[in-house]
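With the working numbering, letter number 1 in the sequence shown gets 92, and the count goes up by one each step, no holes.
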Amino acid sequence: MMFWIISTGLSAVVAAFFLAVMRAQSAQPETTAPALLIYKQQLHEVEKDVAKGLLAAEEAERLKIEISRRILALDATSPGQTRRDTPASLALTAGLITVTLLGGTFLMYREYGAPGYENLSQKQRIVNAQRSLETRPSLEEFAAAIPVQPEVVAPSADYTDLVEKLRKTVTERPDDLEGHVLLANVEAGLQNFAAAAQAQEAVLKLKGEAAEISDFFDHAELLILSV
Numbered sequence: 092m093m094f095w096i097i098s099t100g101l102s103a104v105v106a107a108f109f110l111a112v113m114r115a116q117s118a119q120p121e122t123t124a125p126a127l128l129i130y131k132q133q134l135h136e137v138e139k140d141v142a143k144g145l146l147a148a149e150e151a152e153r154l155k156i157e158i159s160r161r162i163l164a165l166d167a168t169s170p171g172q173t174r175r176d177t178p179a180s181l182a183l184t185a186g187l188i189t190v191t192l193l194g195g196t197f198l199m200y201r202e203y204g205a206p207g208y209e210n211l212s213q214k215q216r217i218v219n220a221q222r223s224l225e226t227r228p229s230l231e232e233f234a235a236a237i238p239v240q241p242e243v244v245a246p247s248a249d250y251t252d253l254v255e256k257l258r259k260t261v262t263e264r265p266d267d268l269e270g271h272v273l274l275a276n277v278e279a280g281l282q283n284f285a286a287a288a289q290a291q292e293a294v295l296k297l298k299g300e301a302a303e304i305s306d307f308f309d310h311a312e313l314l315i316l317s318v
C-alpha cells in the first residue's frame, strides 16, 4: 500500500510541475507581432515619402531592402507565434501525464515487481539471510540425501577383480596419490560418480597447495554428475 501512496504522490508532484511550466509558457507575451507591425509601418512611411517626393527612389529601395531583411531575421528568430493554451487543455495535458505515469508504474511493477510481498526492513532481511546460511545442509548432508545410484556392472569379471583390488589398495594406503588418481578415473569410467568424487577429493587433499585448477574442475564436475 505504501508503494502506491508514494507512486501517486510523485505522479501528482510531476503533473503539477508540468502544469506550472505550461501555464508560465502560455502567459508569455507575444513579442513578434508588435515588431512586425513596426516594420510594416516603416515600409508604409517609405512609400508615402516617395509619393510626396521627399525620398529618392534609390534611397527608398535601399530602405525597403533593409526593412525586409529585418523582417526575415525576425521571422527566423521567432518562427511562430506563441500558442496560448486554454485552462481546459492544460488540465487535460496534466491529467494525461498523471495517468501515463500511474499506468506505467503499475505495468512495470506488475512485470518486474512482487505484488503482495510484505515490506521487510534491512535488519529483517539480514536476519533471514543469516538464518538460511545457518540452516542450509552441508555438502556431506546434501550428498547423503541423494538416492543411491545403482553401480554399473563391470564389463568383465577380470576387470571387476582389478577394480576391487584397486579400491582395497587405496583404502589400505590412504596417502597413495597415484592410487587415488587412478581410482577416480576408474570410478568415473564406471559411472560411479559419487565414489569418483570422493577419490578426487582425496587427490586434492594429498596434493595440497600443489593442486592445479584442472583438479578442482574435475572434482566439481564429478560432484555435479553424482547428483
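Note that the Cβ used here is the ideal one computed from N, Cα and C, for glycine as well.
Per-residue burial, residue i [other beta carbons within 10 Å of its own, 16 or more giving buried]
i      : result
Asp309 : buried
Gln221 : exposed
Val294 : buried
Leu313 : buried
Glu231 : exposed
Gly270 : buried
Val272 : buried
Val277 : buried
Ala235 : exposed
Ala182 : exposed
Gln215 : exposed
Ala311 : exposed
Gln289 : buried
Ala107 : exposed
Whole-number beta carbon distance between residue j and residue i, since they are thought to touch under 8 Å
i      : j      : result
Ala126 : Leu163 : Actually they do not touch by this definition, with Cβ atoms about 12 Å apart.
Ser102 : Thr189 : 5 Å
Asp306 : Lys298 : 7 Å
Tyr130 : Arg161 : 6 Å
Val318 : Ile237 : 6 Å
Short Cβ contact (8 Å threshold) for residue i with residue j
i      : j      : result
Leu253 : Phe284 : no
Ala301 : Gln291 : no
Ala148 : Val141 : yes
Ala185 : Leu128 : no
Ser319 : Thr196 : The structure shown does not extend to residue 319, since the chain is modelled only from 92 through 318, so no value can be given for it.
Cβ-based neighbour list, residue i, same chain, cut-off 8 Å, excluding 5 preceding and 5 following
i      : result
Thr260 : Asp267 and Gly270
Val104 : none
Neighbourhood of residue i by C-beta distance below 6 Å, restricted to the same chain and skipping five residues each side
i      : result
Leu134 : Ile158
Leu193 : Ser102
Ala287 : Ala275, Glu278, Ala279 and Leu313
Met199 : none
Close beta carbons around residue i, own chain, < 7 Å, minus the five adjacent residues each side
i      : result
Arg264 : Gly270
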